[in-house]
Amino acid sequence: MNTLNITGNANTAQSNNLSLGAFTTAIGTYGIYFALAVIYFWFGGMKFTQYEAEGLVPLVSNSPLLGWLYDLFSVRTFSTLLGFLEVSIGLLIAGRLLSPKLSLVGGALSAGLFFTTLSFMFSTPGVIEPSVGLPGISVAPGQFLLKDLGLLAASIFVAGHSLSRLETR
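Per my numbering, the sequence shown starts with residue 17, numbered consecutively.
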């Protein structure tokens, strides 16, 4: 059986080079870390703008989990605090370059955040598109929120992968 190393040269399976499947999996694994970090830096950075702060209002204000926060903080302050949290999660996930402990914490926090945003599917008006009926969901907020299911899975993967690396040390 032949394997493919990073330079593309074929080698025998007895060599220390990764198989094409293992190489592709490694790229995908670290691609998930990179993608989540970029998403958190970008989305977190947007939380510092008035545009994003106002965009959160229909989601947060209708949430039984988070709606009460607008009683404590202004719309802009809540968004700014969320921005700091999201950028911090991005840094922790990217921290996999330094330690799997950092990315384990980042992945766990990320999973909690996406679990919370998925709960908005049940509390935000306009998720179901009435003209289509079930299972039709609106583009916004429905499909916008549904993508968080994949990001939740990626977050759990990052936490699990990081934990596995810690367990093998």
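Glycine included, C-beta positions come from ideal geometry on N, C-alpha and C. Source: prediction; values computed, not measured.
Buried or exposed (CB count within 10 angstroms, at least 16 for buried), residue i
i	result
alanine 170	buried
threonine 54	A quick correction: the sequence has valine, not threonine, at residue 54. By the 10 Å Cβ count, valine 54 comes out exposed.
aspartate 87	exposed
serine 180	exposed
valine 103	buried
phenylalanine 94	buried
isoleucine 43	exposed
alanine 112	Note on identity: in this sequence residue 112 is arginine, with alanine being the wrong assignment. Arginine 112 should be labelled buried.
threonine 41	exposed
glycine 37	exposed
leucine 52	buried
Option nearest residue i by Cα separation, candidates the options
i	options	result
leucine 97	Thr65, Leu108, Arg112, Ala127	Thr65
tyrosine 46	Ala175, Arg185, Ile153	Ala175
alanine 124	Leu82, His177, Leu75	His177
isoleucine 105	Leu34, Thr41, Ser154, Phe57	Phe57
alanine 127	Ile172, Phe136, Arg92	Ile172
leucine 129	Thr184, Leu36, Gly166	Gly166
glutamate 183	Phe89, Ser115, Thr40	Ser115
glycine 142	Gly149, Ser154, Val148	Ser154
lysine 163	Ile109, Thr140, Leu134	Leu134
Local conformation of residue i per DSSP, three classes
i	result
asparagine 25	At asparagine 25 the pLDDT is 43, less than 50, meaning the model places this residue with poor confidence; the figure from the coordinates comes in the next sentence. In this structure, asparagine 25 counts as coil in the three-state DSSP scheme.
arginine 181	helix
Closer than 7 Å: residue i CB and nearest the ligand SAH heavy atom
i	result
threonine 93	Judged by which ligands are present, the structure shown has none, so any question about the ligand SAH falls away.
Within-8 Å CB hit, residue i to chain E
i	result
serine 35	Absence of chain E from the displayed structure is noted, only one protein chain being present.
| said: Could you check whether the segment 144 to 161 touches the segment 118 to 132, counting it as contact only if at least three pairs of C-beta atoms, one from each stretch, sit closer than 8 Å? | reply: no
| message | If we require 4 or more residues per run, which alpha helix (DSSP H) segments fall completely within the segment 71 to 97? | response | 85 to 88
| task | Can you check the segment 88 to 146 for any alpha helix (DSSP H) of at least 4 residues that lies completely inside it and give the ranges in chain order? | result | Counting whole runs of 4 or more residues, the segment 88 to 146 contains the alpha helix (DSSP H) stretches 91 to 110, 116 to 139.
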